[in-house]
Amino acid sequence: MLPTATARRLPVLALAAVPVLALLVGASPASSYDQERQDGAVVQNRVGVVESGEDYEPPLPPVRQQAAANAPNIILITTDDQTASDMKYMPKTRKLLGKQGAEFTDAISPHPLCCPARAEIVSGQFAQNNGVHSNGGAYGGYRRLKNPHDTLPKWLYEYGYHTGMIGKFITHWKPKRDGVPTGWEWFDVPRTSAFGYYDFKMFTQGVKRRYNDGVAYSTTYATERTVDLIHDWAPGESASTDDKPFFIWTSYFAPHGECGESTCKVGPTPERKYRSALSREKAPSLSKKSYDAPLHRPNRLIAGSDVVPRGKTQKFFLERIRSLQSVDDGVAEIVAALQATDELDNTYIVFTSDNGYQLGEHRYSGKILPYEESLRVPLLVRGPGVKQSRPDVTATTVDLAPTIIDAAGAKAGRVQDGRSLLPLLTRGKRPVGDTALIQAGARSAKDGTGAWMYRGVRTSRYTYTNWKVASGPGFWELFDRKTDPFQLRNLAGDARYRNVQRELARRLGVLNGCRGTKTCFRDFGRMPAPRG
Numbered sequence: 005m006l007p008t009a010t011a012r013r014l015p016v017l018a019l020a021a022v023p024v025l026a027l028l029v030g031a032s033p034a035s036s037y038d039q040e041r042q043d044g045a046v047v048q049n050r051v052g053v054v055e056s057g058e059d060y061e062p063p064l065p066p067v068r069q070q071a072a073a074n075a076p077n078i079i080l081i082t083t084d085d086q087t088a089s090d091m092k093y094m095p096k097t098r099k100l101l102g103k104q105g106a107e108f109t110d111a112i113s114p115h116p117l118c119c120p121a122r123a124e125i126v127s128g129q130f131a132q133n134n135g136v137h138s139n140g141g142a143y144g145g146y147r148r149l150k151n152p153h154d155t156l157p158k159w160l161y162e163y164g165y166h167t168g169m170i171g172k173f174i175t176h177w178k179p180k181r182d183g184v185p186t187g188w189e190w191f192d193v194p195r196t197s198a199f200g201y202y203d204f205k206m207f208t209q210g211v212k213r214r215y216n217d218g219v220a221y222s223t224t225y226a227t228e229r230t231v232d233l234i235h236d237w238a239p240g241e242s243a244s245t246d247d248k249p250f251f252i253w254t255s256y257f258a259p260h261g262e263c264g265e266s267t268c269k270v271g272p273t274p275e276r277k278y279r280s281a282l283s284r285e286k287a288p289s290l291s292k293k294s295y296d297a298p299l300h301r302p303n304r305l306i307a308g309s310d311v312v313p314r315g316k317t318q319k320f321f322l323e324r325i326r327s328l329q330s331v332d333d334g335v336a337e338i339v340a341a342l343q344a345t346d347e348l349d350n351t352y353i354v355f356t357s358d359n360g361y362q363l364g365e366h367r368y369s370g371k372i373l374p375y376e377e378s379l380r381v382p383l384l385v386r387g388p389g390v391k392q393s394r395p396d397v398t399a400t401t402v403d404l405a406p407t408i409i410d411a412a413g414a415k416a417g418r419v420q421d422g423r424s425l426l427p428l429l430t431r432g433k434r435p436v437g438d439t440a441l442i443q444a445g446a447r448s449a450k451d452g453t454g455a456w457m458y459r460g461v462r463t464s465r466y467t468y469t470n471w472k473v474a475s476g477p478g479f480w481e482l483f484d485r486k487t488d489p490f491q492l493r494n495l496a497g498d499a500r501y502r503n504v505q506r507e508l509a510r511r512l513g514v515l516n517g518c519r520g521t522k523t524c525f526r527d528f529g530r531m532p533a534p535r536g
């Protein structure tokens, strides 16, 4: 069992008398990562190599209000770079979450890049308000997050929740430089921006460990730690357990490539038992018109690009969906743990990805671009009162924090840009907002475009973006996804779409400086029709 529940109730002097490193190593979650295994004559300790440790106490705020007696547990499960179409290869997750609740058909990551999306998750705000525009550099990384100690875990802990973070956090967070954000009762995250699969370094409650014995696998690690937290915090599961509800963010690295946050040249490493799985599956992107089609007035990131080699795409695709098999197993184990502790019926489980991914579409492999493959993400929710449905509402990553806060009956410590989706999930009440702000930050200050790469809007039919330029004439993209679902023809400047472009530009002008739900999500009304 985890030490936190007991340690929290120790008097301060008594806690100080306990060697904290020994406490953490000796009493950390009872997963296979804390057991010895026999391999021939060699006994290898999978607790990981302890590289350093120091006295540690979770940075917890005062509890303002005890959670209601029937307050639900909440588990947020995220993957990294998973597309909406990848759900086809996760049957357990679809069965246990989608078939038991809501599976959104038009969920998007409006800032489709790891660090900005994760900043949206913890803040409930768009980048213009939370400060994180990119993964690093002058405009990105964890250090750009405004008020990093006033985020989702703090708000939940203040309202009587246990709070746990397991897995990939926010890019370029550094333990010594940044400290653990206030409100995380259990904090178990990678010390590097690239999590890794069979070789990963963790910061677990103040102790730095490295797992590189060739057996420990980061996906199963995150699953087992989550299961341990459930058993530790579920009422009645141990002598030290209280009756507080819990919030856990389980953040998997899969199917992210085995690389940093720039262009990935090496695919993810699947768990060994899945390295030959799904060998007959073909990458859907290879059959799309956008894979081979000539680029029509493309943006500067893809201008001049060659078609991505088809063999490379197929190999990368297989590695990605194979890595997701362990996530699929993990979701099933988490649900089983909730069932075993009688907590399943009182737990919201939210499954999504930080952003989508392009596998050769528009001659590009990666994320960040304002095309459907990068923007669209899976979003599945089950929990108390959630109706079985397939909502066609455009849900966004910015909506996650307000939804979680609403479900917990807590109060956010900063203005929320997103909307709670709970009324939709439980009562079928559609949220306001027919136009979503989409954007991406500059990769480097050397680009000369300020903090932004592009800003745009997306409706149920159109995608419109204004690309920032250092000098010279501006550049815009406009796609009519109804007549051009693969986004092949840039209609910006087309006389037939002049009124459409003017209206989309007006909506962007309204939304690009928005702050708060009422200004960031609104119903603008009917779009003008194109001429001809």
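Residue numbers (the working numbering): 5 to 536.
Glycine included, every Cβ here is placed at the ideal spot set by N, Cα and C.
How long is the line joining the alpha carbons of A344 and P114, rounded to whole angstroms?
-> 37 Å
Quick one: is K391 buried, meaning 16 or more other Cβ sit within 10 Å of its Cβ, or exposed?
-> exposed
Assigned exposure category for G200 - 16 Cβ within 10 Å defines buried | buried
Residue burial classification, A449 (beta-carbon count within 10 angstroms, cutoff 16) | exposed
Look up D333 in the DSSP assignment and give the residues it is bridged to.
-> DSSP, once it has assigned bridges, lists no residue as partnering D333.
Could you tell me how far apart the beta carbons of V385 and G105 are, in whole angstroms, since I believe they sit closer than 8 Å?
-> 5 Å
Give a yes or no on whether the C-beta atoms belonging to G454 and A444 are separated by under 8 Å.
-> no
Y215, DSSP secondary structure in three states | strand
Alpha carbon to alpha carbon, how far is R181 from R195?
-> 12 Å
What do you get for H260, buried or exposed, if any count of 16 or more other CB atoms within 10 angstroms of its CB means buried?
-> buried
Can you grab the Cα-Cα spacing for the pair R465 / G422, in whole Å?
-> 21 Å
Cβ contact check for the stretch 347-365 and the stretch 387-402: 3 or more pairs under 8 Å = yes
Expressed to the nearest angstrom, what Euclidean distance is found between the alpha-carbon atoms of V231 and D346?
-> 13 Å
Which same chain residues, not among the five before or five after S255, have their C-beta less than 6 Å away from its C-beta?
-> T82, G171 and K172
Residues near V311 in its chain [Cβ-Cβ closer than 8 Å; skip 5 each side] = Y295, D296, G364 and R367
Quick one: is S475 buried, meaning 16 or more other Cβ sit within 10 Å of its Cβ, or exposed?
-> exposed
Exposed or buried, what is A405 when buried is set at 16 or more other beta-carbons lying within 10 Å of its beta-carbon?
-> buried
Could you tell me whether the Cβ atoms of G413 and A123 are closer together than 8 Å?
-> no
Q329 versus Y93: straight-line alpha-carbon distance, rounded | 8 Å
Which residue spans inside the stretch 390-468 form an unbroken alpha helix (DSSP H) run of at least 4?
-> 404-412 and 426-431
Beta-carbon gap between Q69 and G183 smaller than 8 Å | no
Straight-line CA distance for F191 to P63?
-> 10 Å
Exposure label - H300; buried when at least 16 CB within 10 Å = exposed
Got a sec? Which residues, its chain only, sit under 6 Å from L28 by beta carbon, not counting five neighbours each side?
-> Confidence in L28 is poor, its pLDDT being 33 and thus under 50, which makes the residue's placement too unreliable to answer from.
Nearest to H235 by CA position, among L282, G168 and S309, is which residue?
-> G168
Using the DSSP secondary-structure output, state which residues sit across from A111 in a beta bridge.
-> A399
For Y352, which of helix, strand or coil comes out of DSSP?
-> strand
Can you give the Cα-Cα distance for G135 and L100, rounded to whole angstroms?
-> 36 Å
4 or more residues per run - each alpha helix (DSSP H) lying fully within the stretch 121-150 = 131-134
Helix, strand or coil for I338, going by three-state DSSP, please let me know.
-> helix
Integer-rounded CB distance, given that V126 should sit under 8 Å from T155 = 4 Å
Which whole-angstrom value is the C-beta distance of D438 and S424, which I expect to be below 8 Å?
-> Not really, about 17 Å apart at Cβ, beyond 8 Å.
Can you check whether the CB of G460 is closer than 8 Å to the CB of P374?
-> yes
If you check the beta carbons only, do P116 and I325 fall under 8 Å apart?
-> no
Just reading off the alpha helix (DSSP H) that G513 is part of, what are its end residues?
-> R502 to L515
By how many angstroms is the C-alpha of G536 removed from the C-alpha of D332?
-> 48 Å
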